[in-house]
Amino acid sequence: MDRRPIGMFDSGFGGLTVARALIDLLPEEDLVYVGDTARYPYGPRPLAEVRRFAHQITRYLVEEHQVKLVIVACNTASAAALDELRRSFEVPVVGVIDPGVRSLVAATRNGHVGVIGTVGTIGSGAYQRAVAAADPGVKLTCAACPGFVEFVERGETDSDQVHVLAERLLAPLREAGIDTLLLGCTHYPFLARTISDVMGRDVVLVSSADETAFSVRAQLTALGHDRPPAEMRAAGRATHTWISSGDVATFRALGRRLLGPELDDARPIMWAEDGSWR
Ligand code: DGL
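Start counting the sequence shown at 3; every next residue gets the next number (the working numbering).
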């Protein structure tokens, strides 16, 4: 039994797709979420810079919130920093790439799958390696989708403009003959309707959110770090803490619309150049 919270982070609102799955699966667990909206988007940045941000946020979660596990709820940061974070910190660090790939290879029927993500994620080769390791017989077609994240961060998930962009970016995947598409950026599930309209009903969309939550539950249970529901009921409702490096009023308003009523308040954080925070 371990009452410490679970920590998680993303460049902004995308990780809320993982937070939703986690709250639904583990309602008894306390959660601390950092949305690094002051420095989003991570996708176009050099991987070394994203790694530095990921390290700083993880250190903040461990030192200020004493989290028992960290979820890198961002594919770009998982691609850039997962190995380094696991080496640097004692707490377990869970990424979103391997859980997503497990769902992807389990779902395909024709053996030809697609992954979409940021320029950083696709360029890193992390998905290409993970799919080959999970099932060498599966054929993979990847595409970067620059611009999708910005639409989500503006709260624009269903406009004509995002549809036009999706038509253009997803054309190669539509022509490739895939039957399953992994949304390899935690922001993209918010665009699922648009992406599905463009890809057509025959293509199954897969996100890493649920599988990541299952993976967290398995790790906590294996370590004896989970918080039994009876404990939670005795203590009252689990607490969810939402922290944003950008405008907190925007984070609260748009975050609540995207995640739901659990996002009832947001606190600010400011990153300093020397790696510290205020
Ligand atoms: N949600 C992040 C991901 O999964 C990315 C976003 C960004 O470009 O900031 O890759």
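For glycine and all other residues, C-beta sits at the position ideal for the given N, C-alpha and C.
This one's a predicted model, so the numbers in the text were calculated from it and none came from an experiment.
Opening and closing residue of the alpha helix (DSSP H) in which Val20 lies: Position 18 of the sequence shown, counted from the first residue, corresponds to residue 20. Counting along the chain, the alpha helix (DSSP H) containing Val20 begins and ends at Leu18 to Leu27.
Local conformation of Gly102 per DSSP, three classes: For the purposes of this step, residue 102 is identified with residue 100 of the sequence shown, where counting begins at 1. Helix, per DSSP.
Boundaries of the beta strand (DSSP E) in which Ala146 is found, first to last residue: The residue given as residue 146 occupies position 144 in the sequence shown. In the DSSP assignment, Ala146 falls within the beta strand (DSSP E) that extends over Lys141 to Ala146.
Closest residue to Asp267 among Ala274, Asp276 and Val250 (Cα-Cα distance): Along the sequence shown, one-based indexing puts residue 267 at 265. Per the Cα distances, Val250.
Contact test: Val166 Cβ vs ligand 1 heavy atom, cutoff 6 Å: Start at 1 with the first residue of the sequence shown, and residue 166 comes out as number 164. No; taking the cut-off as 6 Å, the Cβ of Val166 has no heavy atom of ligand 1 nearer than that.
Identified DSSP bridge partners for Pro270: In the sequence shown, the residue the question calls residue 270 occupies position 268. Answer is Ser246.
Whether Asp32 touches Pro48 by CB criterion (7 Å): Against the sequence shown, residue 32 aligns to sequence position 30. Against the sequence shown, residue 48 aligns to sequence position 46. Pro48 sits away from Asp32, with the two beta carbons spaced by 7 Å or more.
Sufficient close CB pairs (3 or more, under 8 Å) joining the segment 106–122 to the segment 76–93: yes
8 Å contact criterion, which Gly284 and Leu18 should meet: CB distance rounded: Shown here, the chain extends from 3 to 280; a query on residue 284 therefore has no answer.
For Gly97: DSSP bridge partner residues: As a position in the sequence shown, residue 97 is number 95, starting the count at 1. Gly97 is not bridged to any residue.
His67 - DSSP class collapsed to helix/strand/coil: Counting from 1 along the sequence shown, the entry for residue 67 is found at position 65. His67: helix per DSSP, three-state reduction.
Rounded distance between the beta-carbons of Met201 and Leu183, thought under 8 Å: If you number the sequence shown from 1, residue 183 lands on position 181. If you number the sequence shown from 1, residue 201 lands on position 199. About 6 Å; that satisfies the 8 Å criterion.
Assigned exposure category for Glu155 - 16 Cβ within 10 Å defines buried: As a first step, residue 155 must be located in the sequence shown, where it is residue number 153. Buried is the call here.
First through last residue of the alpha helix (DSSP H) which encompasses Met201: Counted from its first residue, the sequence shown places residue 201 at position 199. Start and end: Ala194 to Met201.
CA-to-CA distance, Asn112 to Val74, given in whole angstroms: Your numbering for residue 74 matches position 72 in the sequence shown. Your numbering for residue 112 matches position 110 in the sequence shown. Those two C-alpha atoms are separated by around 31 Å.
Simplified DSSP assignment, three categories, for Leu171: For the purposes of this step, residue 171 is identified with residue 169 of the sequence shown, where counting begins at 1. DSSP places Leu171 in helix when its eight states are reduced to three.
Proximity below 7 Å, CB of Ala136 to CB of Val98: To locate residue 136, count along the sequence shown from 1; it is residue 134. To locate residue 98, count along the sequence shown from 1; it is residue 96. Not in contact: Ala136 and Val98 (Cβ atoms no closer than 7 Å).
Contacts around Val133, its chain only, beta-carbon distance under 8 Å, and the 5 residues preceding and following it disregarded: For the purposes of this step, residue 133 is taken as residue 131 along the sequence shown, with counting starting at 1. Counting only Cβ-Cβ distances below 8 Å, and skipping sequence neighbours, we find Val103, Leu106, Val107, Val115, Val117, Val140 and Leu142.
Among Ala240, Asp4, Ser217 and Gly226, nearest to Pro101 - alpha-carbon criterion: In the sequence shown, residue 101 corresponds to position 99, counting from 1. Measuring from the Cα of Pro101, the nearest candidate turns out to be Ser217.
For Leu33, three-class secondary structure by DSSP: As a first step, residue 33 must be located in the sequence shown, where it is residue number 31. Note: Leu33 maps to strand in three-state DSSP.
Minimum C-alpha distance to Arg219 - residue among Glu30, Ala109 and Ile180: For the purposes of this step, residue 219 is identified with residue 217 of the sequence shown, where counting begins at 1. Nearest C-alpha to Arg219: Glu30.
Bridge-paired residues (DSSP) for Thr78: Within the sequence shown, residue 78 is the residue found at index 76, counting from 1. In the DSSP output, where bridge partners are listed per residue, Thr78 has none listed.
Test item: CB-CB of Ile245 and Arg269 under 7 Å: Taking the sequence shown and counting its residues from 1, one reaches residue 245 at position 243. Taking the sequence shown and counting its residues from 1, one reaches residue 269 at position 267. Against a cut-off of 7 Å, the Cβ pair of Arg269 and Ile245 comes out as a contact.
Whether Val164 touches Thr196 by CB criterion (7 Å): Position 162 of the sequence shown, counted from the start, is the residue given in the question as residue 164. Position 194 of the sequence shown, counted from the start, is the residue given in the question as residue 196. Taking 7 Å as the cut-off, the beta carbon of Val164 is found closer than this to the beta carbon of Thr196.
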